[in-house]
Each structure stands twice: as C-alpha cells, then as structure tokens.
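J.: Residue numbers (mature numbering (1 follows the signal peptide of the UniProt record, and there is no 0)): -19 to -1, 1 to 459.
Don't be surprised by glycine CBs; every beta carbon is placed ideally from N, CA and C.
This is the structure, below, for whatever I ask next.
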C-alpha cells in the first residue's frame, strides 16, 4: 500500500506546474494548448480580444464594469487590455493566480487621468481606448494617448527622475526606439530618376505609425521614406501640414505596434532645466546632444521671422542639419519641443510641445471633417495673447506704469474690435488669471477653455484690481 501511495505522489509531481494549476483552479483546461481547436471568434468584439482563462484561445474580452470570473471553469469571462478582474478580497484572475468560484467586475488597472489627441481629458487609459475603438468603427481617426494627466492640468511628480536625478542614458534608452530618420526624395526633371535631396528626423506619436516632424522637412518632396531604429524602412504618407507652425503629421504602415513618445507641457519648463535632443544630423541616426533651456519664450520676430507669432524654446543643446523634426525631451523622456532652428553653436531653437498638442487636436478635427463625420467649427473670442512669465512681467512693468504685480497668466496683447472679447470689455494689457473657476497659467489654458466651454466667466487682473467679465465665444469656419 505504501509503494502504491508513493508512486501516485511521484506521478502527480511529474505533471508540469502549469497543468497542475490549470486542473486545480480552472475546470476544463486542456493539458496542452492546441489553437486549432479554439472556437471561432465573432466578427466584432466591442472591447477587443484577449486569451481565455487557460491562456490558450483568443476570446472576446469583457469591458470596464462588465462581469468577469465566476465558476472557475473554462469559458468564464476574462477582462480586456489594461483591465483586471476585481472581487471582494482580491483579484480574481491575474497572470499567476486564479481564484476558484469568484465572480467580479472588470476595473481599470490605473486610475490616472490621461489626455487624448482630441484635446479631451479621460479619467483613465481604459476610457480613452474605448472611445478610440468606437471612433475607428465609425471610420473616424483614432484618439491617441498623448499625455499623462488631464490635458489642461500641470503635471508635478517629485519622485520622477526629472526631479531627483540626471540620468541622461536612461532618458535616451527610453526615447530612442521612438525616434525615426526621414529621407526625402525628388524626381530629376530630365531623367525622372529619384534622388535623395534632404534628410530629417521625427518621432512616433501612435502605435499604428503616426509621426510628427517639421513641415519644412517634408514640404515639396516627391517621396518620403522613414527608417526606424530597428533598420526597417517604410514609405510615408503626409497626413497633415501646418506651414505657419512648421509642424507636419506623416504616417507609415508598420506590421507591428510602434513605441510612442508622449508630450510634456512646455509651459512648465524653466530656464536652466536639462534637456536632451536626439535626431539624425548628417544622416547619423539617433545622435544625442544635451544641454539646458536658455529661455522658454524667444519670439519669432526676434529671430527675424517677420510673420511668426511663435514663441520658441531656446537651448544650448547642439542641433545640426538633419536634426530638424526630432524631439527635444526633458528628463522624464517627454517631448517638450521639436528641434527646428540653429543660429550658431550653442544657440538652437525648438517649437514648444504645447503647439504640437494644439496642432494634433486641430489635425484630428480636420481629418474628421475630411471624412464627412463631423461639422466641427473653430470657436473664437478675438484676442491675441501670450503666456506671462516672470521675465516678461518684469519687462512690462518697466514700460507700463500701472501693470499689475503678477508673474503668471495670459497677457492680452490685442483685442480685435467688434469681437466677443471686445463686447465683453476685455482690454489690452489685461492679464487673464481665471476662467470658469479654473486657474489660468498660460495662453494655451485660455485656448483650451474657449474650445471646451460655451460661456466663459473670465477674471482679469487690471492694474491692481480684478474684473469679472462674461465672454461668449462664436463659431467660425477654420
């Protein structure tokens, strides 16, 4: 009897660990995974696909708030991407643990708010992905995950590498896979032969291959070719171009998901902050230079660009020919600018990421209109403004005797006659400090409020007093 018991124990121990777990916790799992025996999936899975409880066959996933777990048998509903099954007392199903006879609800693994390329703040990544899937089913552009945290809220994480350390190598390792080399070709007039005429850089902003670069990099070129860090190259299509802002969006069709870079808030930058520039100067891919932010707002007119109202980031990070379109990143690996101009060694300029975010939101609207799915119009109040910084405030105080004692907000440079702003009583030299109860720190905050709200309760600092004005934006054709 003893020998029979010992043989049984040895035989059980010889069964693979995964098979023991499957037979113990999930009833009905096969001893080995044979995908040819998997049932056919429906034509459409609203929440996408995932693997069944046995980690073998693809099944339609449960969405956020839907049931999961249950009987402990094969066929129990399983949560989709970025979701986990929450039950009283713990998690019903994870990679290594399966609790038997527990039913629960699918919840998002993270509760952090995120910002989409449509300019909308989502309560978590799961909600953004759900909205994006719905948009794609309606043949609209997908909503891209472009920023951690709400779109209009400044991010401050004291535990991040940006605040604690200066590990440039860690930043480069993080961002390099998302930076691309761009080759531009043009047909010769007589021979019709294609020749490479220029090169530039760019960075990936969506897993399906959307890439941001400079408009001047891709303008008037016959063919655009993108090469990834892996060495794979693809022809790119130009999706959108804003020549005034010098930003372009191109797209490649890669067979796998691509690593993306997220945007930081350029309005949060401070002079003296470390930055990293990466690109392909002289076709030397993934060339890295570092430096500091010299100033966060260098007006385009100061650089001899007469028709420019852009405020550039000035840096001493070296930017050479071919770096154009590449990212300028902070120590968190977030894009805070597009490398654009070089005056001389140690004096280079980048387009702020707040402009990139605005371009992506407007591009989303333009693509939606092109597909005939929306009739979105641009909202307008009729002001020219710029972000008030301590340096600008100091300069204005020397020129304007009654300028208020304030160093942040949106400074009103001009109010256009007979517009909602003029009718409401907004005046030149006002500083907008609050809209609908939300603090205003930058001009971008004002633009976001105009886009978001139909009626604006605007608090302005005028001299040493605050005035409350009601401004109703109007809609105009873009």
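What whole-angstrom Cβ distance do residue 215 and residue 207 have, given they're in contact under 8 Å?
T.: Residue 215 sits at position 234 when you count from the first residue of the chain shown. Residue 207 sits at position 226 when you count from the first residue of the chain shown. Indeed they touch by this definition, with Cβ atoms about 5 Å apart.
J.: Where do the ends of the alpha helix (DSSP H) carrying residue 22 lie?
T.: As a working mapping, residue 22 is identified with position 41 in the chain shown. Element bounds for residue 22: n/a, residue is neither H nor E.
J.: Let me check understanding here. Comparing Cα to Cα, which of 402, 447, 327 and 278 lies closest to residue 369?
T.: To locate residue 369, count along the chain shown from 1; it is residue 388. Selected option, being the one with the closest Cα: 278.
J.: Classify residue 278 as helix, strand or coil using the three-state DSSP reduction.
T.: The residue labelled residue 278 in the question sits at position 297 within the chain shown. In this structure, residue 278 counts as strand in the three-state DSSP scheme.
J.: Are the beta-carbon atoms belonging to residue 240 and residue 113 less than 9 Å from one another?
T.: Along the chain shown, one-based indexing puts residue 240 at 259. Along the chain shown, one-based indexing puts residue 113 at 132. Cβ atoms of residue 240 and residue 113: not closer than 9 Å.
J.: Can you tell me whether residue 216 is helix, strand or coil according to DSSP?
T.: As a working mapping, residue 216 is identified with position 235 in the chain shown. Three-state DSSP puts residue 216 in a strand.
J.: Please report how far the alpha carbon of residue 332 lies from the alpha carbon of residue 423, in whole angstroms.
T.: Against the chain shown, residue 332 aligns to sequence position 351. Against the chain shown, residue 423 aligns to sequence position 442. About 16 Å.
J.: Nearest to residue 293 by CA position, among 11, 395, 166 and 276, is which residue?
T.: Here residue 293 corresponds to residue number 312 of the chain shown, with the count starting at 1. Here the closest residue by C-alpha is 276.
J.: So residue 116 is in the alpha helix (DSSP H); what residue range does that whole segment cover?
T.: Within the chain shown, numbered from 1, the residue matching residue 116 stands at position 135. Residues 106 to 118.
J.: Helix, strand or coil for residue 251, going by three-state DSSP, please let me know.
T.: Counted from its first residue, the chain shown places residue 251 at position 270. Coil, per DSSP.
J.: Looking at the strands, I want to know which residues DSSP matches up with residue 199.
T.: As a position in the chain shown, residue 199 is number 218, starting the count at 1. Answer is none; residue 199 lacks a bridge partner.
J.: Looking only at C-alpha atoms, which of 24, 317 and 260 sits nearest to residue 118?
T.: To locate residue 118, count along the chain shown from 1; it is residue 137. Cα-wise, what sits closest to residue 118 is 24.
J.: If we call anything under 9 Å between Cβ atoms a contact, is residue 229 one with residue 267?
T.: For this step, residue 229 is matched to residue 248 along the chain shown. For this step, residue 267 is matched to residue 286 along the chain shown. Taking 9 Å as the Cβ cut-off, residue 229 and residue 267 do not qualify as a contacting pair.
J.: Only counting the same chain, and skipping five residues up and downstream in sequence, which positions put a Cβ closer than 7 Å to that of residue 234?
T.: For this step, residue 234 is matched to residue 253 along the chain shown. Here the set comprises 190 and 215.
J.: Just reading off the beta strand (DSSP E) that residue 378 is part of, what are its end residues?
T.: Residue 378 sits at position 397 when you count from the first residue of the chain shown. That residue, residue 378, is in no beta strand (DSSP E); its alpha helix (DSSP H) goes 371 to 380.
J.: Shortest alpha-carbon distance to residue 273 belongs to which of 296, 402 and 134?
T.: As a working mapping, residue 273 is identified with position 292 in the chain shown. That would be 296, whose Cα lies nearest to the Cα of residue 273.
J.: Identify, in the order they occur along the chain, each residue of the same chain with its Cβ nearer than 8 Å to the Cβ of residue 116, setting aside the five sequence neighbours on each side.
T.: Translated into positions along the chain shown, residue 116 becomes position 135. Hits under 8 Å: 122, 123 and 124.
J.: From 164, 126 and 217, pick the residue whose C-alpha is nearest to that of residue 315; which is it?
T.: For this step, residue 315 is matched to residue 334 along the chain shown. Of 164, 126 and 217, the residue nearest in Cα terms is 126.
J.: Quick one: what does DSSP say residue 153 is sitting in, helix, strand or coil?
T.: In the chain shown, the residue the question calls residue 153 occupies position 172. Helix, per DSSP.
J.: Below 8 Å on the Cβ atoms is my contact criterion, and I expect residue 305 with residue 197 to pass it. Report the Cβ-Cβ distance as a whole number of Å.
T.: The sequence position of residue 305 within the chain shown is 324, counting from 1. The sequence position of residue 197 within the chain shown is 216, counting from 1. Yes, they are in contact, since the Cβ atoms of residue 305 and residue 197 sit about 7 Å apart, within 8 Å.
J.: On the DSSP bridge assignment, give the partners of residue 434 in chain order.
T.: Taking the first residue of the chain shown as position 1, residue 434 is located at position 453. Per DSSP, none; premise fails for residue 434.
J.: Count the other C-beta atoms from every protein chain shown that fall within 10 angstroms of the C-beta of residue 253, then say buried if there are 16 or more, exposed otherwise.
T.: Within the chain shown, numbered from 1, the residue matching residue 253 stands at position 272. Under this definition residue 253 is an exposed residue.
J.: Pull up the DSSP beta-bridge partners for residue 162, would you.
T.: Counting from one through the chain shown, the residue named residue 162 turns up at place 181. According to DSSP, residue 162 bridges with 182 and 208.
J.: If we ignore side chains and look at the alpha-carbon of each, how far apart do residue 96 and residue 36 end up?
T.: Within the chain shown, the letter at position 115 stands for residue 96. Within the chain shown, the letter at position 55 stands for residue 36. Answer to the nearest angstrom: the Cα atoms are 32 Å apart.
J.: I need the straight-line Cα distance from residue 30 to residue 60, nearest angstrom please.
T.: The count along the chain shown starts at 1 and reaches residue 30 at position 49. The count along the chain shown starts at 1 and reaches residue 60 at position 79. The straight-line gap from Cα to Cα measures roughly 9 Å.
J.: Per DSSP, what are the beta-bridge partners of residue 167 in this structure?
T.: As a working mapping, residue 167 is identified with position 186 in the chain shown. 176, per the DSSP bridge assignment.
J.: Identify the continuous beta strand (DSSP E) that holds residue 398 and give its terminal residues.
T.: Numbered from its first residue, the chain shown carries residue 398 at position 417. Taken as a continuous stretch (DSSP letters only), residue 398 belongs to no beta strand (DSSP E), as it is neither H nor E.
J.: What did DSSP end up calling residue 330 once you bin it into helix, strand or coil?
T.: Against the chain shown, residue 330 aligns to sequence position 349. Strand, per DSSP.
J.: Compute the Euclidean distance between the alpha carbons of residue 479 and residue 342, then round it to the nearest angstrom.
T.: Since the first residue of the chain shown is -19 and the last is 459, residue 479 is not available in this structure.
J.: So for residue 439, helix, strand or coil by DSSP?
T.: In the chain shown, the residue the question calls residue 439 occupies position 458. DSSP places residue 439 in strand when its eight states are reduced to three.
J.: Report the option in 141, 34 and 325 whose CA atom is closest to the CA atom of residue 14.
T.: Walking along the chain shown from the start, residue 14 turns up at place 33. For residue 14, the nearest C-alpha among the options comes from 34.
J.: Roughly how many angstroms lie between the CA atoms of residue 110 and residue 192, to the nearest whole one?
T.: One-based indexing of the chain shown puts residue 110 at position 129. One-based indexing of the chain shown puts residue 192 at position 211. Rounded to the nearest angstrom, the two C-alpha atoms are 19 Å apart.
J.: What span of residues does the beta strand (DSSP E) with residue 451 cover, start to end?
T.: Start at 1 with the first residue of the chain shown, and residue 451 comes out as number 470. That run of the beta strand (DSSP E) goes 446 to 452.
J.: Looking at residue 460: is its Cβ nearer than 9 Å to the Cβ of residue 361?
T.: With the chain running from -19 to 459 in the structure shown, residue 460 is simply not present.
J.: Within 8 Å, do at least three Cβ pairs link the segment 427 to 436 to the segment 396 to 412?
T.: In short, these stretches do not touch, since the Cβ pair count stays below three.
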